[in-house]
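Quick note: the sequence shown uses the working numbering, first residue 13, plus one each step.
C-beta atoms are modelled at their ideal positions from N, C-alpha and C, and glycine is treated no differently.
Since the model is a prediction, treat every value here as computed from it, not as a measurement.
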Amino acid sequence: MNFSTSFGRTLLVASALAAGASLAGCSGSAEEAVTEDGFGSSTEAWTEASTGTFDAGRLALVNTFARPFDMQLAYGDRGGCLLMSRQTFALVYPGYEYRIPRCYSASDRQAVSAMYASPASPFEMPDRYIVNPDPAPNFTLRVTNLGLNSLSASMQPDGLHLRGSLRIRFQATSWLVDPWAELSNVAVDARIVTNRGYLSADQVTVNLGSWYAECGAGNWCVGYVSNAISAQRASLETTMRTMLNGFLYKPETFQYVYGTLERVENTVNRPAGAAPWIVGLGSLRFEGGAFRYDMRRVGASSTPNCEVRVACGTTATVQCTANADRISLAEGTRAIATNATSGEGAATRFIDRNLRMDGKAHRYTVCAMSDDARGTEVNRSCTTVAFTAVEAANCKSPAPAAPALPAK
Numbered sequence: 013m014n015f016s017t018s019f020g021r022t023l024l025v026a027s028a029l030a031a032g033a034s035l036a037g038c039s040g041s042a043e044e045a046v047t048e049d050g051f052g053s054s055t056e057a058w059t060e061a062s063t064g065t066f067d068a069g070r071l072a073l074v075n076t077f078a079r080p081f082d083m084q085l086a087y088g089d090r091g092g093c094l095l096m097s098r099q100t101f102a103l104v105y106p107g108y109e110y111r112i113p114r115c116y117s118a119s120d121r122q123a124v125s126a127m128y129a130s131p132a133s134p135f136e137m138p139d140r141y142i143v144n145p146d147p148a149p150n151f152t153l154r155v156t157n158l159g160l161n162s163l164s165a166s167m168q169p170d171g172l173h174l175r176g177s178l179r180i181r182f183q184a185t186s187w188l189v190d191p192w193a194e195l196s197n198v199a200v201d202a203r204i205v206t207n208r209g210y211l212s213a214d215q216v217t218v219n220l221g222s223w224y225a226e227c228g229a230g231n232w233c234v235g236y237v238s239n240a241i242s243a244q245r246a247s248l249e250t251t252m253r254t255m256l257n258g259f260l261y262k263p264e265t266f267q268y269v270y271g272t273l274e275r276v277e278n279t280v281n282r283p284a285g286a287a288p289w290i291v292g293l294g295s296l297r298f299e300g301g302a303f304r305y306d307m308r309r310v311g312a313s314s315t316p317n318c319e320v321r322v323a324c325g326t327t328a329t330v331q332c333t334a335n336a337d338r339i340s341l342a343e344g345t346r347a348i349a350t351n352a353t354s355g356e357g358a359a360t361r362f363i364d365r366n367l368r369m370d371g372k373a374h375r376y377t378v379c380a381m382s383d384d385a386r387g388t389e390v391n392r393s394c395t396t397v398a399f400t401a402v403e404a405a406n407c408k409s410p411a412p413a414a415p416a417l418p419a420k
C-alpha cells in the first residue's frame, strides 16, 4: 500500500509503517515508534524580462496575416477618412461587420469621430487662398478628390517608411475663371518612428509629379494654376503628416499595435507550454534600425508531487515528479540527488531515493526548477518532506524459541 500525499497535507508516518509492515509479512502496530510526518510547500512566482525586436522580418510576417497597409481613403467635401484594412479591422474588432463610413461632409466626419473611432480616422483638407501677382486673378483652391493608389512599408535604418501613390484633383475658383487640375501619381514617403510609446510620423515628403490642367479659353491661365499647384507641396506634406498622426495616436491604434507585437512574440518566440509574453504598454521605441519594446512573462511554479513509501528495514523511499527542467533533493544544504535533463520544461522529471529511518528528525527539500531559452533559472518551486521514524519492533525477526527442557 502506498503512503502518498498532496501539497499542504499533514500525514502520519505511523500509518505508513503499519502498511509497510503488512507488505513485508509482519504484523502488529508501530504507532509508538513514530512521530507526526508532514509535507509542506513553497512556491516562487517568477518573472522573465526581455527586450523584443520588431525588424524587417517581423514586418513581413505581420503584413502576411494582418495586411495593415491595405488601407483605403474615402474622401469628399474638403476632407475624408483613412480606413483600416478588412484584416486589421477583424483583429481589432473580432466578430463585427466591416463598414466603410461616410466621410463626404464635415457632419459625416464628426459622426465618424464619435461613432467610428476606429477603423476611420477623419482628416480635413481645407481650402487654400492663392494670391497671384496682377493682372492674374487670385484663386481659392480646393481638393475635390483624393484617392490612394498604393501603399507599402519597409524597415530602414532611420525608421519605418510608408510609401504610397495618390491621385489628387484640384478645383480653383476666382471672379474670372474656374480652372481645375489633376495629379495622378503623387508620391508620398512618410517616416514612422516613435513618440512616447506611440507610433509617430515625424517626416512626410511629397513629390507632386506631373499634372494635367485646364483653364478657360485657350488655357491662358494654366501657368498661374501650375504655380499654385507647385506651392501646395509643403502644405500637402503638413496635411499628410497631420492625417497620419491623427490615425496613429488613436487609442484603438495604440492597442492594436501592442496587441500585434504580443501576437508576433507568442507566435515565434514562445516555447511549447511556456507562459505567454506580455508587451509593456508605452515601451515602444525605435533603436538601431528596428522597433524595440519591453516584455515579460510571469509563470506559476510547478510544485513537485511527492510520495513516501515505508516498509520494514532502515530506509523510506521518496518518489517525486515535476514538470520542470531539473528536480533536486536535499537535506539542509546537502544535495542528495539531482535529475537534470535538457529541454524547455513542461517535461516530467523523476526522483526515486532511499532515505534514512534512524529515529532522528529529518527534513528534506524537493525543488523543481525551470529555465528560460538562455538556460537561466526563472522558476523554482519546492516541497518539504519531514518525518521521524524507526523500524517497528514487530518488523524484526522473532527470537529463536528456547530449547525444550528434558522431561524429568
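If you draw a straight line from the alpha carbon of residue i to that of residue j, how long is it in whole angstroms?
i: L153; j: Q215; result: 25 Å
i: M167; j: V218; result: 19 Å
i: T388; j: A328; result: 34 Å
i: L195; j: A165; result: 23 Å
i: N239; j: S295; result: 45 Å
i: S212; j: A243; result: 26 Å
i: N317; j: N278; result: 29 Å
i: F66; j: V390; result: 24 Å
i: V320; j: S382; result: 24 Å
i: G258; j: Q267; result: 15 Å
i: A202; j: R392; result: 48 Å
i: L158; j: R121; result: 16 Å
i: R181; j: S162; result: 17 Å
i: A334; j: E60; result: 20 Å
i: M127; j: R114; result: 11 Å
i: A132; j: L95; result: 5 Å
i: E109; j: T265; result: 18 Å
i: L73; j: S62; result: 21 Å
i: S39; j: S340; result: The predicted model places S39 with a pLDDT of 25, which falls under 50 and marks its position as unreliable; any figure quoted below should be read in that light. Taking the straight line joining both Cα atoms gives about 35 Å.
Where do the ends of the alpha helix (DSSP H) carrying residue i lie?
i: A246; result: 244-260
i: R208; result: Run containing R208: none; DSSP gives neither H nor E here.
i: N278; result: 263-280
i: R338; result: R338 -> not in any alpha helix (DSSP H); beta strand (DSSP E) instead, spanning 338-343.
i: R140; result: Where R140 is concerned, there is no enclosing alpha helix (DSSP H), although the beta strand (DSSP E) it sits in stretches over 140-142.
i: G69; result: 68-77
i: A126; result: 118-127
If I follow the unbroken beta strand (DSSP E) through residue i, where does it start and stop?
i: V330; result: 327-335
i: A225; result: 223-226
Answer yes or no: do residue i and residue j have a C-beta to C-beta separation smaller than 9 Å?
i: V124; j: A193; result: no
i: L172; j: I204; result: yes
i: V155; j: Y87; result: yes
i: L174; j: V200; result: yes
i: A342; j: T315; result: no
i: G92; j: P134; result: yes
i: A349; j: A380; result: no
i: R375; j: T395; result: no
i: G64; j: N281; result: yes
Spell out the partners DSSP gives residue i in its beta bridges.
i: P134; result: C93
i: F298; result: F303
i: Q84; result: L95
i: R179; result: G159
i: D201; result: R175, T217
i: N391; result: S382
i: Q168; result: G171
If contact is defined by three or more beta carbon pairs under 8 Å, each pair taking one atom from either stretch, is the region 287-298 in contact with the region 270-278? The region 270-278 vs the region 287-298: in contact.
So, does the region 298-306 touch the region 371-378, judging by three or more C-beta pairs under 8 Å? no
How about the region 180-195 and the region 232-244: do they share at least three Cβ pairs that are nearer than 8 Å? As far as the Cβ criterion goes, the region 180-195 touches the region 232-244, which means the pair count is three or higher.
Is the region 99-116 touching the region 68-87 in the sense that three or more CB pairs, one from each, lie closer than 8 Å? yes
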